[in-house]
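Number of protein chains: 2
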Amino acid sequence: MARRPLTNPRKHATQERSRATVDALVEATARILVKEGFDKASTNRIAQKAGVSIGSLYQYYPSKEALVAAVVDRHHQELMQIIRDALAEVAALPLEDAVRRLVTVAIEAHRIDPRLHRVVAEQIPRTGRLENVGAFNQETFALFRAYLERHRDELRAVDLGLAAFVCVTSIEALTHTAVLHRSDILSDEAVDTLVDEATRLVVGYLR
Amino acid sequence: MARRPLTNPRKHATQERSRATVDALVEATARILVKEGFDKASTNRIAQKAGVSIGSLYQYYPSKEALVAAVVDRHHQELMQIIRDALAEVAALPLEDAVRRLVTVAIEAHRIDPRLHRVVAEQIPRTGRLENVGAFNQETFALFRAYLERHRDELRAVDLGLAAFVCVTSIEALTHTAVLHRSDILSDEAVDTLVDEATRLVVGYLR
DNA sequence: ACATAATGCGAGCTATAGCTCATATTGTCT
DNA sequence: AGACAATATGAGCTATAGCTCGCATTATGT
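Protein chains in written order, with our numbering: chain A, 133 to 339; chain B, 133 to 339.
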């Protein structure tokens, strides 16, 4: 296996000024990745676009990969928060309502910044953040599983861990693929149909 | 958008000897990608491992990306053939039998060489082969849709194009994710359960 | 105000990746 | 056998990416 470069930030910035620098670097990295692709995202270019010197860049991030990883992590934090909120929101709703809402939220989340989402998905293997993604998914599985446990009376007999895997993976794939490769399915009228179908898929499976 | 390097082969090799050269190059690229990762796959290294001079490499492939694209394409051809065969095989089977068989085949296909499969999945964005993947999926959708048309009497009223999208995307995601990230679900005993669940998901949705 | 720490700077070094081209070898055809 | 095309070779050029380091500037605390 290839040895990966370090991807953790170097210092923890304490002053206001330096936090701004760090933010600018991550933001610039994201913008360049989206607009110009990974290859154009050289450290010099990132520093330039961030309005920061190359020296400062290396004070906070030990490598280009670390910056990309920061972008990936930031995006994942945002997504996880959306998922947590959504699952808290639907905790008491009956199965079908809950699933429908979750599917809708998933589509909305993917639509916030599809280009960044695509880039993040593409860059994950490079960042050595695959394990993090594993953890990320684990949390989602666990949260959804908790919902299922609470609503066990609405379900058929089924291993809840496995069911959570099946449902979450399917919903994620459908929304992800639709947003990134099938914008035709997502016209304002068509979205509702997709939501209906995904809901039916999951609900039909669970009971 | 970033301009991508050319990814098409340069000349078409006619003699026996040169075809061997080309094969060795693609094979070496695949091996290096799997064992050492994209960064270590320099053109010099590929040529060396293929037992071919760097000059010869550039006679057939204009860039490193072209070689990676060749690996991706080759893998996709193989997968598509498996899918075509499987769908031909189940064409006359009733819904549940057909789906169960397809899910099984999908898992088997992913298991042939999981590490290569993972690498290919990771490298697709870099190769500019996303459109090809689109086409690849289009064909799969079309083939499965044809099956659905033939068995319409077993299905509820549903847009077959959309249904094909939902089913194929779900099956692909479940098998892909299970093989790459959840080997626990794929122990010899557990596979059957996964097959059952995936089958139930899809069949329940379709009727 | 001064000392000390935190942050910022950017010219320039090192390494290596991608690639070319002049030349040599091997195959094909008559 | 000779001529022409196809294929193979690898030393070495060019460009640029990643990164360091010595020094300048700005903040903090007393």
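Every residue, glycine too, gets a C-beta built ideally from N, C-alpha and C. Quick caveat: nothing in here was measured; it's all calculated off a predicted structure.
In the structure shown, the three-state DSSP call for A/V231 is helix. Listed along chain A is no residue with a C-beta nearer than 8 Å to that of B/G260; the closest approach is about 10 Å. Per DSSP, reduced to three states, the secondary structure at A/H283 is coil, with no helix or strand assignment. Counting only residues of its own chain and dropping the five nearest sequence neighbours on each side, A/L165 has a CB closer than 6 Å to the CB of A173 and V251. With the rule of 3 Cβ pairs closer than 8 Å, the segment 249 to 265 of chain B counts as touching the segment 192 to 210 of chain B. For A/E329, at least one C-beta of chain B is nearer than 8 Å to its own C-beta. When CB distances to chain B are screened at a threshold of 7 Å, the residues of the segment 257 to 283 of chain A falling below it are P257 and G266, in chain order.
Annotation: Cβ neighbours of B/L294 in chain A (cutoff 9 Å, chain order): I317, A322, T325, L326 and E329. Straight across, the Cα-Cα distance linking B/G183 with A/I214 is about 52 Å. Counted as a single uninterrupted DSSP element, the stretch harbouring B/R288 is not any alpha helix (DSSP H), since DSSP gives it neither H nor E. Judged by beta-carbon spacing, B/V300 lies beyond the 8 Å limit of B/Y337, meaning their Cβ atoms are not closer than that value. By the C-beta density criterion, A/E148 is exposed, having fewer than 16 other C-beta atoms within 10 angstroms. Look at A/G336 here: in three-state DSSP terms it is helix.
Per DSSP, reduced to three states, the secondary structure at B/S188 is helical. Annotation for A/I256: V204, L262 and V265 place their beta carbon closer than 7 Å to its own, counting only its chain and skipping 5 residues before and after.
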